[in-house]
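Taking numbering that gives the first Met the number 0 as reference, the numbering of the sequence shown is continuous, increasing by one, and the terminal residue is 273.
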Amino acid sequence: MNLSSKFTDKQNKSKFNRLQAEQKSYQAVKWARIRNHTYMLILLPLLLPIHLGLLIFFAISKEGSYKSIYTYLKSYFYLYFLFGGIQKLLTFPPPTQEPTKPTLFFTTRNHDLISCFLSTLFSYPVSIPVSSHLRKFPIHFFFPFVRMHSLITTLGYDDKPIRDSLPAIHQSLKQGKPTVVFINPKIINPMFNETLPMYNEIIELMDTSINCYFLACKGIEAIKAGTIFYPTFVSIHCVSKENLFEDVDKTHFPEQEKCLRIMKFFDFQKMDII
């Protein structure tokens, strides 16, 4: 066995051990997390009529209901993650004031609920990519028949491959909405993935005059290990492209240096441009 094979085997064993440790931690808090959902039942008499009423409002007037539904979803997911044992650490928070110029926030798909979590980070409306599977998201663990349905689409635009999403991204920017863009195609996290695959279109977008930020939610992949009394901490890091790429033009290979800095910002070891 050569050195390369030994190194690969060691990496695979390390990943397997981390996965086993993660599964054990999830199992240890399984019943505590079920109790978390029980605590949230207290809010159901309030949430249920609001939810059903907004579904009707949305069916009658999609545009007229936007502000009310967006505010509701943001509040709902704030409570969901609070009772779910997630505590945000705003290490480098996003801008607190709504941008006055077209603005993009680049981030990674690192959890299947990342779109819902992102809605809780901003004090102003942003346009977020939303996967179709979130339409089936239940209002409560014990009430799976009451789902988000079309309300969830109010958070932003359809989550599709970047080439198909570009028209929706440009439309959001024209409407003056700060817009979140996923830079990678599938759910990955640096705990189990070494390589960050990044769309080539992201390089083109960040090289425009549009205000750009890079946003990392570090630790959200361990969401299932948290409880309301012993939460999982998710560290929020948001930096502008000017800060991230400071003095990059002084390097020998500026474009490669940009990719390297993005890779390190999101805690990956390698990067593939796809």
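Virtual Cβ for every residue (Gly too), placed ideally from N, Cα, C.
{"Item": "Ile272 to Tyr198 span [Cα, whole Å]", "Value": "6 Å"}
{"Item": "Range of the contiguous alpha helix (DSSP H) that encloses Ser118", "Value": "Unbroken run through Ser118: none, as it is neither H nor E."}
{"Item": "Status (buried if at least 16 other CB within 10 Å, exposed otherwise) for Thr102", "Value": "buried"}
{"Item": "Of the residues Asp111, Phe141, His236, Tyr65, the one placed nearest Ile187, counting alpha carbons only", "Value": "Asp111"}
{"Item": "CB-CB length for Ser72 against Ile235, believed under 8 Å", "Value": "With the sequence shown as reference, residue 72 is identified as Leu, and Ser is not the correct amino acid for it. About 19 Å; that fails the 8 Å criterion."}
{"Item": "Neighbourhood of Asp158 by C-beta distance below 8 Å, restricted to the same chain and skipping five residues each side", "Value": "Ser114, Pro128, Val129, Ser130, Ser131, Ser164, Phe181"}
{"Item": "Inter-residue spacing [alpha-carbon to alpha-carbon] between Phe142 and Lys135", "Value": "12 Å"}
{"Item": "Proximity to Ile201 [Cα-Cα], best of Gly225, Phe116, Asn192, Pro160", "Value": "Pro160"}
{"Item": "Buried or exposed by the 16-neighbour rule on C-beta atoms within 10 Å, applied to Ser64", "Value": "buried"}
{"Item": "Helix, strand or coil at Ser60 according to DSSP, with G and I counted as helix", "Value": "coil"}
{"Item": "Rounded distance between the beta-carbons of Pro230 and Gln86, thought under 8 Å", "Value": "4 Å"}
{"Item": "Spatially closest choice to Glu220 from Gly84, Ala31, Tyr69, by CA coordinates", "Value": "Gly84"}
{"Item": "Boundaries (first-last residue) of the beta strand (DSSP E) holding Thr70", "Value": "First-last for Thr70: 65 to 82, but that is the alpha helix (DSSP H), not the beta strand (DSSP E)."}
{"Item": "CB of Tyr156 within 7 Å of CB of Ser126, strictly", "Value": "yes"}
{"Item": "First through last residue of the alpha helix (DSSP H) which encompasses Gln170", "Value": "161 to 173"}
{"Item": "Coarse secondary structure for Leu89, derived from DSSP in three states", "Value": "strand"}
{"Item": "Check whether Phe300 and Val238 have beta carbons under 7 Å apart", "Value": "The requested residue 300 does not occur in the structure, where the chain is confined to residues 0 to 273."}
{"Item": "Chain-order list of residues whose beta-carbon lies under 8 Å from that of Leu98 (same chain, five-residue window excluded)", "Value": "Checking the sequence, you will find Pro at residue 98 rather than Leu. Hits under 8 Å: Pro177, Asn210."}
{"Item": "Residue from Cys258, Val179, Asn109, Ala224 with nearest C-alpha to Leu154", "Value": "Val179"}
{"Item": "Nearest-angstrom Cα separation, counted from Glu256 out to Leu40", "Value": "50 Å"}
{"Item": "Contact under 7 Å by Cβ, Ile261 with Phe82", "Value": "no"}
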